[in-house]
Structure formats: C-alpha cells, structure tokens
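*Asks:* These protein sequence lines are chains A and B, in that order.
If you use my numbering, the first sequence corresponds to residues 9 to 410, in order.
If you use my numbering, the second sequence corresponds to residues 9 to 410, in order.
A virtual CB, placed ideally from N, CA and C, is assigned to each residue, including glycine.
Predicted, not measured: the structure shown is a model, and the values here were computed from it.
The structure follows.
There are 2 protein chains.
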Amino acid sequence: MVKEGFGELIDLETALQLLLSHARTLPSEEAPLSRARARVLAQNVSAKIDVPHFDRSAMDGFAVVASDTFSASQNSPVALTLRESIACGEIARRRVLRGSCAEIATGGAMPSGVDAVVMVENTQVEGKKVLVYKSVAPRTNVVARGSDIRKGETVLQKGTVLTPAHLGALAAVGITTVSVRRRVKVVLFSTGSEIVAPGKRLGRGKVFNINSVTLRAALEELGCEVEDYGVVKDTEREITRLVLKGVRSADIVIFSGGSSLGRSDLAPEVLGKLGSLLFHGIAVKPGKPTVAGVVRGKIVIGLPGYPVSALSNVYILVAPLIERMTGATGITRFTRAMLAQKVASTVGRYEFLPVRLEGEFAHPVMRGSSAITTLARAHGFVEIPENVEVVEKGTPVTVRLF
Amino acid sequence: MVKEGFGELIDLETALQLLLSHARTLPSEEAPLSRARARVLAQNVSAKIDVPHFDRSAMDGFAVVASDTFSASQNSPVALTLRESIACGEIARRRVLRGSCAEIATGGAMPSGVDAVVMVENTQVEGKKVLVYKSVAPRTNVVARGSDIRKGETVLQKGTVLTPAHLGALAAVGITTVSVRRRVKVVLFSTGSEIVAPGKRLGRGKVFNINSVTLRAALEELGCEVEDYGVVKDTEREITRLVLKGVRSADIVIFSGGSSLGRSDLAPEVLGKLGSLLFHGIAVKPGKPTVAGVVRGKIVIGLPGYPVSALSNVYILVAPLIERMTGATGITRFTRAMLAQKVASTVGRYEFLPVRLEGEFAHPVMRGSSAITTLARAHGFVEIPENVEVVEKGTPVTVRLF
Chain A
9 MVKEGFGELI DLETALQLLL SHARTLPSEE APLSRARARV LAQNVSAKID VPHFDRSAMD
69 GFAVVASDTF SASQNSPVAL TLRESIACGE IARRRVLRGS CAEIATGGAM PSGVDAVVMV
129 ENTQVEGKKV LVYKSVAPRT NVVARGSDIR KGETVLQKGT VLTPAHLGAL AAVGITTVSV
189 RRRVKVVLFS TGSEIVAPGK RLGRGKVFNI NSVTLRAALE ELGCEVEDYG VVKDTEREIT
249 RLVLKGVRSA DIVIFSGGSS LGRSDLAPEV LGKLGSLLFH GIAVKPGKPT VAGVVRGKIV
309 IGLPGYPVSA LSNVYILVAP LIERMTGATG ITRFTRAMLA QKVASTVGRY EFLPVRLEGE
369 FAHPVMRGSS AITTLARAHG FVEIPENVEV VEKGTPVTVR LF
Chain B
9 MVKEGFGELI DLETALQLLL SHARTLPSEE APLSRARARV LAQNVSAKID VPHFDRSAMD
69 GFAVVASDTF SASQNSPVAL TLRESIACGE IARRRVLRGS CAEIATGGAM PSGVDAVVMV
129 ENTQVEGKKV LVYKSVAPRT NVVARGSDIR KGETVLQKGT VLTPAHLGAL AAVGITTVSV
189 RRRVKVVLFS TGSEIVAPGK RLGRGKVFNI NSVTLRAALE ELGCEVEDYG VVKDTEREIT
249 RLVLKGVRSA DIVIFSGGSS LGRSDLAPEV LGKLGSLLFH GIAVKPGKPT VAGVVRGKIV
309 IGLPGYPVSA LSNVYILVAP LIERMTGATG ITRFTRAMLA QKVASTVGRY EFLPVRLEGE
369 FAHPVMRGSS AITTLARAHG FVEIPENVEV VEKGTPVTVR LF
C-alpha cells in the first residue's frame, strides 16, 4: 500500500532551469496608461519629442538677457523695460531686445532673445520698468529644451514593470497606450478529500481550503490572471480531467495536494501519462514534494498540500517562471537586514526561511510547513543555499518581501 | 501683477498634523477573501476554532503508541498489527490498541489511542504486520490540535494590510468574508492652460498632462479609488466648480498646478473662500508650493504642477493621510542601503531625495522637480530631515520603495 520514496531529489536551480526551458514568452497587447500600472513593457519606448519641447522658465520672474543684469546689485538695480507678460501655455508675441524683459510664470515658454530668468523675489516693478537687484548668469532658472528627455532617447526599456513615475515618463512624451505583455493566465485547483471550502461545516479530519485563497492572492500580486476550479477529490480521473481542461485555456496549471507519498500520490503518475514529467521532489525546505510536468505544451505544477510549502514554492519556483514568460525585470522587492538569531539549516537542502522585520533585524518565524501563521507573521523570506549549514546571528541577509 | 511670496513656510510635520487632524476614519464594508488582498482590516479577527482542529499526522507513515516502539532498532524491529488505513479527510473506525497501529497519510487525523507517527521510511509491511525499525518519542511527527492557531486567539489585528498569507490565516479559521475599510475615494484634476492631454497636438509652450497619470497610479497603489476630472483652465470659476463637485463624492480632492506664485495662483484664494485654508507653502524640497484646506468637511490639496513635486507630495503628505483614514499599518515598504555619494541639503527644508538602488548602494538621481525622468529612474526615496545639512557618502539610509 505504501509507495516508494522520491528517489533522488532535484536541486532548486536544476528544477528552475527545467521549468524555464519550457516557458514561452507571452504575446503583447495594448493598454491605455490609466490601466498599465504594474504591467510589463513589451518593447523599448523611445521619445518622439524633446521634453520639455521648448526652453521653460523654472521660476516666476522676468525673462532677461543675462548680460543686461551683470552690473545689478542690491544697492544699484538695473532697470529693464517690461515688454509683456507670458503666462504658462502662452507664447510671447515678440522678441525681447536688450534692455527689456518679459514677465514669465513658472513653466512658461522663454521668448526669443532672452537667456535667463530673474526670480520675482529679486525684482521690483515700477510702472513700465522692472528693477533687477541681482545679476544672473546665462541659463539661470531656465529648464532647457530636451533636458528631461531628448528626442530619440530610449525612455523605458522592454521588461520594465511600470511604476507611477514610469507612466509619467510615457505621458511626458505624449504616449497614450503602451505595448505590454499579456498577463499570465493561471488555472488553480486544490485536491484532497480532507479539504473543505471555508464557510462549510468542518467535519473531524477535515481542514479548510487555504491554498485556493493564498495561491490566488500571491499569483495576482505577481500580475497573473487567476481562474480557480475549486476543490476536487484526489483521484486520477479528477486530476486528469482538470489538468486537461486547464491546459486548454491557461498558460500554467497549478494544483495543490496529492503530490506527497502514500496512496494519494497520483500527481506524478497523471503528469507522466498526460505529457512529460519534469521532476518529482525538489531539495528545498519546505516544499520538497513538488511535481512538475509539461502537458500539451503547458507547464503543470503540483504543489504540496501544506499551505506554507505551497506558497513558498510560488515565490521560489513560479515567480521566476512568470518573470521569464513576461520578460519582467524587478517584479519582486527586497530589503536588507541582519539575522536576529543563529539559524541551522540542512546541508543539501535549499531553505526558505520566513522572517519578521523589526528595525534592522530579521527574526526567523518558522513554525512548521503546515502552519499558515508562520507566513502571516512574516514580512518576507531569506534564502539559505544548499551548501550552508549555519547562518550566524548578525549576518547581513537579503529579504525578499511578500 | 506679481503677488506677494508665501510668507512663512510651514514645516512638514506641522503640515501633516494639520491634515491628520481633519482626517476621518472611513466606514468598513464586507469583502470576500478572494477580493480582500491589500485591503485594510477594520477589526481584530479572532479564531472560532483550533487550527488544526484535530491532532494531525505530519508524515506518511504509521500511527503508533510511542512506548510500543521504544525497543525498536534497525537490527531488531518491533512488529505491530496493522488495524486500518486512514486517508486524509477520513477518521479512524476504531481505537488503536497497544501492539497495533494504523496506516496514516500526511495530514490525516490521528486515531484515538496513539500518540506518535513512525515515518514510512522506517517501516516494512509484511502481510498484516508492520515492522518498525526506529523508536519514536511521544508526539513525534504529530501536529497538535491548535498548534497553528488556538481557538479564541487573535489571528489578525485591525489595521493589517492583507497579504496572501494573512488571507490564508483567515481561511484557516473558516472565514469567508472580512470587514475591511472602504477604499479612500479621491477626485483628481489638473489645472493650467499649458496642459494638453497626451495624444493631442502639442503646441509651443504646452506640455503633456503627466500628473493625471502619475497621481492616479500612485493613489491606486495606496489603495484609493480614483476619479479623474481631467484638465481645466486655471481660473477661479473652474477650480471652484470642480472642488465643490469633488467634495460631494470624494473623501479627498487633489488637484495639481495653480498653487505657485504669480498671476495664476488661485488655489489658496479659492480654498479660503470655499472653506478654511490649512496652509500654503511647506518647507519641503521639492514640493514647496503646496496648499491645503478643508471644504465642507473634506480635505482638499493643491499640489504643485511640476510632476516630481506633485508625486513626491503624494508619498510624503497623502500616504500618511490615507493610513490615518483607513487605520492601515504598513501600507508602504522600505529597504536599507548606503548612500552612494555625499548629499548637501538645505537646512530648514525637509528633502525628498529620489534614489536608484544598485546592490547595497542608494544613488541619488535628482535632476530637477520638472523632470519626470528623475523619478522614473529611481526605486524609492530617502528623507533628509530639516536640520541636516550634509549626508556623507556611505551613511546607512532607509529607502521608502516606490
């Protein structure tokens, strides 16, 4: 009744490379800027205009010929003739000649003939004359045409995960829609006759379905579009049916449960029959009993049923897959901290260590792979490589933030 | 024609306290777990059940009376009678007596009478007998009832910004919908006759509307629901009309442009007439010409027109306001780095310094408050307090991530 063990475990890096070798880059689609936040840019964007596309005043004040002001001082102002006033968005009606000036608002277009702006604080208006109390060098208080973005320049690189400021740079060059990668479509389901939907009656021996909730949320945070098929029985027939249904519409099919040892261990068998099995069992802790295969060209991943193991594998296995499929650079965020206590790790197993950040310290919070509170109390995780046995207290570590 | 200056600038902390004193906590609403990601919990949640709510096996193997195995060794196994097999989700039909055992799957409910699980790897099945090759202490490989979450325990605190793992903890105790704060509703508009919608023809002296795009995206990242009224002329009539329209539906009205000096400086006047002016001009760099008031009980903020100044004020002024209105703790993310170069700052002005992260270094990228590329190249910002004149190269700094 009891089956054989996993055989040799594959290491995380090899497992990842196997998965990535079957990942296909998704097609692109157009998105308006108002809906492009956090999407992945599908091609480089270059500027078709200079930004600003004219010399602008950086201050409220008076546009002048700088050399006219060279002799100005607090005691001996220079008097210039006020020719006109230029509001933002207007253009000067005439060229400003030596000995004269134009009132200009912050952001206003510099008239021709001038090369600097005197701040309003350093002037005094008297009728048609403007007294200038401070000299300015050429180009003072002027934002030069093209100084923000130069025409032809690459504004953003392909693979950029669009932040508010990135969207602003696109708007600055007049772009309204942008080519982004289609979202990764993921079909999810949970297997196991012990799993009950939250809200239902919880009989003895049963547990509520945690993975549907956590995996959906984590995948959505990674930018995926998720369809949840719910909970099914851990039978060959059911898993086969949902994997085949899933690969028709999704880019990745992910299910949890049913990939450990024992009677219910059907996942590797099903994947082997339906397509090709890539691996069964990874040298990671937690998350060892993970299985992956390719069915009809689509990646199918069977995660362990335990909530911490299932979710940790989304962060360490599925996130890199999504980055590959979308070409995203920087989909995840990191911080640096010092390990608050000594941690012993198993040599030969990559360890996913959840930590809670307090000040500059990262406190390990591992309470077991079945305990969802482990992750609920953590702010992120530290990765301990296979060949490390002990990480000393005070070691600087990189924390991948949830 | 040119108006008076700002008068005395208010410091950032005082400006914030003024704003916060007018912030009202938003009402709560129910959200299903599948749509509660990144929402703010409106009340503490306590567990109505133990998790797990029965003793569970942590391994595939055999549930035993631990003391039966004490004499077991590799050379001299103990033989136990196999009574039954318990799959996940099933419950044992009978009590396991001394001298016998039950096959059990990972996650299965421990039958009564037993107190430990022997891993399958340490056993051999021979007909109706199970040979146990390794002794186990009581409680070995058993996940005790309530060890993850104890009935009555506070699972999550009010104010928690819900991560995938938090949602998992809620699912674990059988919760399907959760009480979260309503999203903050923000009405946005841009003023200025120089502003042109991206995609339109850009005449001389005009610039594309960047703020509508960046402010919407930044506010959405902070969890707000944003309605954009678009671009209006910088006239008293238009600003009055849109502020009054905005305060009817929104919790906060934010507009950009029209709050610097010069002829077009209408915002403080309008806010003073419609309600009460809180401040005009903050001692921050960039972002000084910011105005705020209260109109019909709602906070109205006029941000500078320059894109960097407008967006930086969302991070330093509006984000804390949103945290107050929703009670959120930890809406923003930080990392630590070392400043890559010496930075001189103006004493008496709080400075918002955009930085680009490379390895453990934070490189300042400030190129001027009109240059959107400043922020598009940054990963976050460092805050330099008012009383600091110089931050030396190599200083450890906290970087607020975008």
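Output yes if chain B places a C-beta closer than 8 Å to the C-beta of residue 155(A); else output no.
*Replies:* Closer than 8 Å to some Cβ of chain B, the Cβ of residue 155(A) qualifies, so yes.
*Asks:* Does the distance from the CB of residue 182(B) to the CB of residue 380(A) come in under 8 Å?
*Replies:* Cβ atoms of residue 182(B) and residue 380(A): not closer than 8 Å.
*Asks:* Helix, strand or coil for residue 28(A), going by three-state DSSP, please let me know.
*Replies:* Here residue 28(A) sits in helix by DSSP.
*Asks:* Considering just the uninterrupted stretch of the beta strand (DSSP E) at residue 306(A), what are its terminal residues?
*Replies:* Unbroken beta strand (DSSP E) run through residue 306(A): 306-311.
*Asks:* Determine the DSSP secondary structure at residue 376(B), reduced to helix, strand or coil.
*Replies:* It is coil, neither helix nor strand.
*Asks:* Hey, does residue 42(B) have any beta-carbon neighbour from chain A nearer than 8 Å?
*Replies:* Closer than 8 Å to some Cβ of chain A, the Cβ of residue 42(B) qualifies, so yes.
*Asks:* Note down, in chain order, every chain A residue with its Cβ under 8 Å from the Cβ of residue 221(B).
*Replies:* What residue 221(B) touches in chain A: 41, 42, 172, 175, 176, 178 and 179.
*Asks:* Just to confirm, is the Cβ distance from residue 330(A) to residue 231(A) under 8 Å?
*Replies:* Yes, Cβ-Cβ distance for residue 330(A) and residue 231(A) is below 8 Å.
*Asks:* I need the straight-line Cα distance from residue 396(A) to residue 235(A), nearest angstrom please.
*Replies:* Approximately 38 Å between the Cα atoms of the pair.
*Asks:* Determine the direct distance from the alpha carbon of residue 237(A) to that of residue 196(A), and round the result to whole angstroms.
*Replies:* Those two C-alpha atoms are separated by around 6 Å.
*Asks:* Using only CA atoms, which one of 210(A), 93(A), 217(A) and 410(A) lies nearest to residue 362(A)?
*Replies:* The shortest C-alpha separation from residue 362(A) is found at 410(A).
*Asks:* Got a sec, what are the start and stop residues for the alpha helix (DSSP H) residue 255(A) sits in?
*Replies:* That run of the alpha helix (DSSP H) goes 244-257.
*Asks:* In terms of alpha-carbon separation, which member of 127(B), 360(B) and 209(B) lies closest to residue 56(A)?
*Replies:* The shortest C-alpha separation from residue 56(A) is found at 209(B).
*Asks:* Taking Cβ positions only, does residue 61(A) come closer than 8 Å to chain B?
*Replies:* Closer than 8 Å to some Cβ of chain B, the Cβ of residue 61(A) qualifies, so yes.
*Asks:* Taking CB distances under 8 Å as the criterion, tell me whether residue 231(A) reaches chain B.
*Replies:* No, residue 231(A) does not count as interfacial toward chain B.
*Asks:* According to DSSP, is residue 177(B) part of a helix, a strand, or is it coil?
*Replies:* The answer is helix: DSSP assigns residue 177(B) an H, G or I state.
*Asks:* Count the other C-beta atoms from every protein chain shown that fall within 10 angstroms of the C-beta of residue 16(A), then say buried if there are 16 or more, exposed otherwise.
*Replies:* So residue 16(A) ends up on the exposed side.
*Asks:* When the distance is taken between beta carbons, is residue 40(B) closer than 8 Å to residue 71(B)?
*Replies:* Their beta carbons are not under 8 Å apart, which means residue 71(B) does not touch residue 40(B) by this criterion.
*Asks:* Does the distance from the CB of residue 80(A) to the CB of residue 86(A) come in under 8 Å?
*Replies:* In this structure, residue 86(A) lies closer than 8 Å to residue 80(A) by Cβ.
*Asks:* On the criterion of 16 or more Cβ atoms from any shown chain inside 10 Å, does residue 280(B) qualify as buried, or is it exposed?
*Replies:* Burial call: exposed.
*Asks:* Scan the region 280-366 of chain B and note each continuous beta strand (DSSP E) run of 3 residues or more that stays entirely inside, going in chain order.
*Replies:* Qualifying beta strand (DSSP E) stretches, in chain order: 284-288, 299-303, 306-311, 342-347 and 358-366.
*Asks:* Leaving out five residues before and five after residue 247(B) in sequence, what residues of the same chain have Cβ atoms less than 8 Å from its Cβ?
*Replies:* Closer than 8 Å at the Cβ level, and outside the excluded window around residue 247(B), lie 199, 240, 263, 266, 274, 275 and 278.
*Asks:* Please tell me whether residue 412(A) has its Cβ less than 8 Å away from any Cβ of chain B.
*Replies:* This structure leaves residue 412(A) out entirely; chain A is present only between 9 and 410.
*Asks:* Going along chain A, which residues have a C-beta under 9 Å from residue 201(B)?
*Replies:* Within chain A, the residues near residue 201(B) are 95, 96, 97 and 98.
*Asks:* Does the pairing of the region 338-352 of chain A with the region 340-347 of chain B give three or more beta-carbon distances under 8 Å?
*Replies:* Yes, they touch.
*Asks:* Report back the beta-carbon spacing between residue 296(B) and residue 233(B) to the nearest angstrom; my notes put them in contact at under 8 Å.
*Replies:* Wrong, their Cβ atoms sit about 29 Å apart, outside the cutoff.
*Asks:* In chain A, which residues lie with their C-beta within 7 Å of the C-beta of residue 381(B)?
*Replies:* Per Cβ cutoff of 7 Å: 156, 157 and 177.
*Asks:* Have a look at residue 186(B) and residue 172(B) and give me their C-alpha separation to the nearest angstrom.
*Replies:* C-alpha separation (whole angstroms): 14 Å.
*Asks:* At a CB-CB cut-off below 8 Å, which residues of chain A make contact with residue 228(B)?
*Replies:* Chain A residues near residue 228(B): 45.
*Asks:* Considering just the uninterrupted stretch of the beta strand (DSSP E) at residue 261(B), what are its terminal residues?
*Replies:* Taken as a continuous stretch (DSSP letters only), the beta strand (DSSP E) holding residue 261(B) covers 260-264.
*Asks:* Select from the region 358-380 of chain A all residues with a C-beta closer than 9 Å to any C-beta belonging to chain B, and list them in chain order.
*Replies:* Those would be 362, 365, 368, 375, 376, 377, 378, 379 and 380, in chain order.
*Asks:* So who's on the other strand from residue 371(B), going by DSSP bridges?
*Replies:* Looking at the DSSP assignment, residue 371(B) forms a beta bridge with 364(B).
*Asks:* If distances are taken between C-alpha atoms only, which option among 321(A), 126(A), 373(A) and 388(A) comes closest to residue 21(A)?
*Replies:* Checked all of 321(A), 126(A), 373(A) and 388(A); the closest Cα to residue 21(A) is 321(A).
*Asks:* Would you say residue 50(B) lies against chain A (beta-carbon separation less than 8 Å)?
*Replies:* Output row for residue 50(B): interface = no.
*Asks:* With a Cβ-Cβ cutoff of 8 Å, do residue 169(B) and residue 336(B) count as a contact?
*Replies:* Against a cut-off of 8 Å, the Cβ pair of residue 336(B) and residue 169(B) comes out as a contact.
*Asks:* Have a look at 390(A), 355(A), 190(A) and 150(A) and flag the residue whose alpha-carbon is nearest the alpha-carbon of residue 36(A).
*Replies:* Nearest C-alpha to residue 36(A): 190(A).
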